[in-house]
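From first to last, the protein sequence lines are chains V and S. When the letters of the first sequence are read in order and numbered with our numbering, they come out as residues 6 to 347. When the letters of the second sequence are read in order and numbered with our numbering, they come out as residues 2 to 396. No residue lacks a Cβ here, since even glycine has one placed at the ideal position from N, Cα and C. All values derive from a computational prediction rather than experimental measurement.
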Amino acid sequence: MKHIAIGILGAATLGLMASAASAGTLDTVKAKGFIQCGVSTGLAGFSAPDDKGDWQGIDADFCRAVAAAVFGDGTKVKFTPLSAKERFTALQSGEVDILSRNTTWTINRDTALGLNFIGTTYYDGQGFMINAKKLPGVNSALQLSGAAVCVQSGTTTELNLADYFKANKMEYNPVVFEKLEEVNAAYDAGRCDVYTTDQSGLYGIRLTLGSPADHVVLPEIISKEPLGPAVRQGDDQWYHIVKWTYFALLDAEELGITKANVDEMKNSASPEIKRVLGQEADTKIGTDLGVSNDWVVNIVKATGNYGEMFDRNVGSGSPLKIARGINALWTKGGLQYAPPIR
Amino acid sequence: MASQEILREEPSRGSFVNDPRIRSLFFQTLVVIVLFGSVWWIVQNVIDNLQRLHIASGFGFLKGRAGFDISDTPIAYTSDSTYGRAIIVGLINTIIVAVAGIITATIIGFVIGIGRLSQNWLIQKICTVYVEIFRNIPPLLVIFFWYSGVLAVLPAPRDSYHLPFGSFLNQRGFYFPRAVWGEGSWLILVALVVALAMAWFVARTARQRQMATGQQFPVFWTSVALIVGLPLLAYVLSGFPLSFDLPKQSTFNLTGGFQVKPEFLSLYLALSCYTAAFIAEIVRAGIRGVSKGQTEAAAALGLRSGSILRLVVVPQAMRIVIPPLTSQYLNLTKNSSLAIAIGYPDLTATAGTVLNQTGQAVEGVLIMMIAYLILSLVTSAVMNVVNARMALVER
């Protein structure tokens with residue numbers, strides 16, 4: 006129901022937006038005093054409310070990092086939980102300023118949907134989870150022919166699932182729900198044999214099930230799922246602010262700038278660190294971007310660098326305990342690589 | 002005679018401003034201009050904004066490959082089919098659940114409605130409780146009640162309930178044997194059609210004879226004998242061409258047979274139960290609306306109470322019942338969009354998925370609106386025909 010409401014709202018907003026007076030997103034955000042951030046309806050490690058109702062996770066923290074860059078204060082964010090179906094309309098219609106919601110970057114979304122993905126904050130791949138107690142003999146996705154598969158509608162997951170079973174000449178019964186919680190409940194109740202989504206998601210969801218130990222994630226990864234934040238097209242300044250916030254998080258990690266040592270690092274002997282932290286004389290890096298010159302300092306103070314964000318939310322410091330793997334920096338054999346800040 | 006002349010005089014036309022006809026014409030034109038102007042402005046703005054935001058628009062996407070699967074496909078559909086076909090699959094699913102729901106809701110509604118007027122204390126109270134419960138709960142909760150409260154707690158496929166005739170019930174739905182029509186089975190179908198035609202003819206002849214002579218004929222039993230007997234005879238003569246595909250246990254689920262999924266079952270049962278409560282009240286009102294004198298007159302003629310209800314009360318009650326019944330049918334059809342909550346692939350769900358995969362929200366919502374509008378208009382048209390036939394024919 007809600008996605009139709011948003012659809013109609015989106016249509017109405019598109020209809021009523023005065024086309025001439027489209028101020029830049031940065032000005033709008035500054036005027037209202039906070040960033041409206043589109044997140045998931047609750048995916049552990051990425052964006053989920055904690056017991057106090059604060060949004061936690063790598064996607065939620067990314068929005069805080071952008072808020073820190075813009076306002077110098079990582080708390081100036083309001084979160085809008087969006088289902089997979091609602092997310093693009095919400096961004097297109099201007100209901101949210103950033104969509105930071107474990108969303109896969111595809112060409113269709115970059116072109117026909119009118120979005121701009123700013124990068125890949127988490128390299129993921131689609132996997133399968135089964136209840137090993139109920140299905141003892143199954144240890145590969147290729148044994149799943151005839152199974153009932155729970156999946157969230159309107160996702161790339163839904164499309165990859167169809168492709169994978171077709172390519173391997175297997176049959177399946179799709180059991181499709183709009184909201185993540187509905188898929189979780191149906192899988193937990195035994196309505197389907199298999200749960201499929203991004204592997205990181207499967208690990209997160211497993212923790213929320215009745216008896217997590219019974220469930221295993223099968224080894225196959227059937228797709229590339231580069232997850233990242235997206236903004237609307239047609240506003241290059243905002244696109245650059247969000248994109249360089251991501252790069253700043255990576256560069257900070259590469260240069261060893263952490264939440265704990267950022268103030269000492271300002272006085273570092275390294276000209277590169279001083280430049281990144283805005284301590285160079287007459288620097289214009291921040292102001293050219295449209296933010297203050299100490300924007301990287303603010304970002305790192307608010308959320309830590311990329312590595313700290315990862316460990317805290319999905320890595321060793323979290324219940325998910327996902328290894329860095331391909332999400333390590335390029336200097337450590339991973340794929341995370343940022344252009345220099347200069 | 003002076004006063005009559007004054008009466009005949011035309012109303013004075015001091016100026017155009019005071020002329021009621023010109024004034025009314027002026028304001029009506031103004032409203033039309035404002036209305037069309039705002040619609041045009043909104044449409045134009047949508048087009049402008051879509052272009053400005055670089056969002057694809059137009060209905061060309063309907064020909065693209067859908068790429069996703071749908072769980073209930075009444076017509077041939079695979080992930081290679083088009084988005085347009087996916088929406089049609091959803092539309093057919095909506096029609097299926099709406100038609101099935103309307104039929105069941107009408108039957109339950111009539112039984113409960115008549116039951117509320119029963120002389121029997123227990124029947125009357127049970128029917129009252131039914132109406133009060135279902136009429137006062139939101140339909141979404143009724144759907145969840147059937148889905149999570151009744152069907153989800155059934156056993157897993159491995160421990161299915163075995164029901165008679167090789168059917169099974171488990172949390173994945175209701176499985177029953179599927180008829181496989183062999184060679185020569187067309188004869189059975191022909192026999193059925195012939196039997197139906199004959200039954201109709203017998204009923205007509207018997208009616209004419211009763212009108213002319215007053216003699217009655219056992220129409221019901223003759224029809225049953227015809228409709229059951231003839232196809233059975235054809236079945237034997239054509240050499241037993243019918244076999245059954247029984248549901249069997251496999252690795253994950255039961256395979257074979259015919260599966261009614263829990264999503265459909267819960268939506269269908271919930272819509273039927275919910276709307277039946279309203280129909281029951283309409284039926285009760287309709288029967289109450291028939292004057293008591295009619296019943297007494299029929300009784301004075303010596304009709305039994307069953308015949309009074311069937312021949313005198315219900316035909317007159319129908320004239321009161323049909324118009325509000327139409328609204329309930331429309332409500333049921335529109336409430337079927339609540340299917341999205343439990344994942345039944347109706348129009349709202351599939352068109353919503355298409356909307357999301359293509360990102361064309363404006364077109365997607367427009368298609369949904371038009372589809373529901375057409376469904377509702379067709380339902381209304383059918384009910385208007387029924388209403389016209391039921392209306393009092395004056396001679």
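Which residues in the same chain have their Cβ closer than 6 Å to the Cβ of Ala146 (chain V), if we skip the five residues on either side of it in sequence?
-> Excluding residues within five positions, the ones whose Cβ falls inside 6 Å are Phe133, Leu223, Glu225.
Provide the residue span of the beta strand (DSSP E) that contains Cys155 (chain V), from first to last.
-> Its beta strand (DSSP E) spans residues 152-157.
Counting only beta-carbon atoms, is Ile341 (chain S) nearer than 8 Å to chain V?
-> Look at Ile341 (chain S): its C-beta is under 8 Å from a C-beta on chain V.
Does the Cβ-Cβ distance between Asn254 (chain S) and Pro178 (chain S) come in under 8 Å?
-> No, Cβ-Cβ distance for Asn254 (chain S) and Pro178 (chain S) is not below 8 Å.
Please go through the same chain and pick out, in chain order, the residues whose beta-carbon is closer than 7 Å to the beta-carbon of Lys184 (chain V), but skip the five residues on each side of it.
-> Excluding positions up to five away in sequence, the list reads Thr46, Ser88.
List the residues of chain V whose Cβ lies closer than 7 Å to the Cβ of Asp70 (chain S), in chain order.
-> Simply Ala167, Pro179.
Any Cβ of chain S within less than 8 Å of the Cβ of Ser158 (chain V)?
-> It does; some Cβ of chain S falls within 8 Å.
Which residues in chain V sit within 7 Å of Ile88 (chain S), going by Cβ to Cβ distance?
-> In chain order: nothing, as chain V lies at least about 14 Å away.
What in chain S is Cβ-close to Glu187 (chain V), meaning under 9 Å?
-> What Glu187 (chain V) touches in chain S: Ala342, Ile343, Gly344.
Kindly indicate which three-state DSSP category Glu230 (chain V) falls into: helix, strand or coil?
-> Residue state, collapsed to three classes: strand.
Check whether Leu247 (chain S) and Ser337 (chain S) have beta carbons under 8 Å apart = A distance of 8 Å or more separates the beta carbons of Leu247 (chain S) and Ser337 (chain S).
For Leu374 (chain S), decide whether its Cβ has a neighbour in chain V, counting only Cβ atoms nearer than 8 Å.
-> It does not: the Cβ of Leu374 (chain S) has no partner Cβ on chain V nearer than 8 Å.
Alpha carbon of Ser66 (chain S) to alpha carbon of Pro140 (chain S), nearest angstrom = Sequence check: residue 66 (chain S) is Arg here, not Ser. For Arg66 (chain S) and Pro140 (chain S), the distance between alpha carbons rounds to 35 Å.
Between the C-alpha atoms of Asp55 (chain V) and Gly353 (chain S), what's the straight-line distance to the nearest angstrom?
-> Distance between Asp55 (chain V) and Gly353 (chain S), taken at the CA atoms: about 30 Å.
Whole-Å CB distance - Gly29 (chain V) paired with Trp243 (chain V), under 8 Å assumed | So it is a contact: roughly 7 Å between Cβ atoms.
Hey, how far is the Cα of Ala286 (chain S) from the Cα of Ile138 (chain S)?
-> Going by C-alpha positions, Ala286 (chain S) is about 21 Å away from Ile138 (chain S).
Can you name the start and end residues of the alpha helix (DSSP H) that Trp42 (chain S) belongs to?
-> It spans 21-53 - the alpha helix (DSSP H) in which Trp42 (chain S) sits, taken as one unbroken run.
Residue range of the beta strand (DSSP E) that includes Arg179 (chain S) = According to the DSSP assignment, Arg179 (chain S) belongs to the beta strand (DSSP E) that extends over 179-182.
Would you be able to state if there are at least three C-beta pairs under 8 Å between the stretch 366-386 of chain S and the stretch 278-298 of chain S?
-> With a cut-off of 8 Å, the stretch 366-386 of chain S and the stretch 278-298 of chain S do not count as touching, because too few Cβ pairs lie within range.
Could you tell me if Lys81 (chain V) is buried or exposed, where buried requires 16 or more neighbouring beta carbons within 10 angstroms of its beta carbon?
-> Flag for Lys81 (chain V) reads buried.
Let me know if Lys57 (chain V) comes out buried or exposed under the rule of 16 or more other beta-carbons within 10 Å of its beta-carbon.
-> Burial call: exposed.
Residues in its own chain within less than 6 Å of Asn94 (chain S) by CB, not counting five upstream and five downstream?
-> The answer, listed in chain order, is Asp73, Pro346, Asp347.
Going by DSSP, which residues form a beta bridge with Asp203 (chain V)?
-> Here Asp203 (chain V) is bridged, per DSSP, to V:Gln131.
Find the residues of chain S that neighbour Arg106 (chain V), judging by a C-beta separation of less than 8 Å, and give them in chain order.
-> Residues of chain S passing the Cβ test: none, with the nearest at roughly 13 Å.
Near-chain V residues of the stretch 48-65 of chain S - C-beta to any C-beta below 7 Å | For the stretch 48-65 of chain S, which is checked against every Cβ of chain V, the residues closer than 7 Å are Asp49, Asn50, Leu51, Arg53, Leu54, His55, Ile56, Ala57.
Exposure of Leu393 (chain S), with buried meaning 16 or more beta-carbon neighbours within 10 Å = So Leu393 (chain S) counts as exposed.
Can you name the residues of chain V whose CB is closer than 9 Å to the CB of Thr359 (chain S)?
-> The CB of Thr359 (chain S) comes closer than 9 Å to the CB of Asn113, Ala117, Leu118 in chain V, given here in chain order.
Glu258 (chain V) versus Thr292 (chain V): straight-line alpha-carbon distance, rounded = Each residue's alpha carbon lies about 23 Å from the other.
Quick one, which residues of the stretch 159-188 of chain S are near chain V if we go by CB-CB under 7 Å, in chain order?
-> Residues passing the 7 Å Cβ filter: Gln172, Arg173.
Proximal chain S residues relative to Asp198 (chain V), where beta-carbon distance stays under 7 Å | Using a Cβ-Cβ cut-off of 7 Å, Asp198 (chain V) is close to Phe253 of chain S, given in chain order.
Candidates S:Val284, S:Ser267, S:Arg311, of which the one nearest Thr296 (chain S) by Cα = Proximity to Thr296 (chain S) across S:Val284, S:Ser267, S:Arg311 peaks at S:Arg311, based on C-alpha coordinates.
Roughly how far, in whole angstroms, is the beta-carbon of Asp193 (chain V) from the beta-carbon of Leu214 (chain V), given that I think they are within contact range, below 8 Å?
-> Beta-carbon to beta-carbon, Asp193 (chain V) and Leu214 (chain V) are separated by about 5 Å, close enough to satisfy the 8 Å threshold.
Is there a Cβ from chain V that is less than 8 Å from the Cβ of Thr256 (chain S)?
-> It does; some Cβ of chain V falls within 8 Å.
Compare the C-beta of Ala271 (chain S) against all C-beta atoms of chain V and say whether one is closer than 8 Å.
-> No, no contact with chain V.
Output the distance between the C-alpha atoms of Ala191 (chain V) and Glu176 (chain V), rounded to the nearest integer angstrom.
-> Glu176 (chain V) has its alpha-carbon roughly 20 Å from the corresponding atom of Ala191 (chain V).
For Gly151 (chain V), which of V:Asn144, V:Asp115, V:Phe170 has the nearest alpha-carbon?
-> The candidate whose alpha carbon is nearest that of Gly151 (chain V) is V:Phe170.
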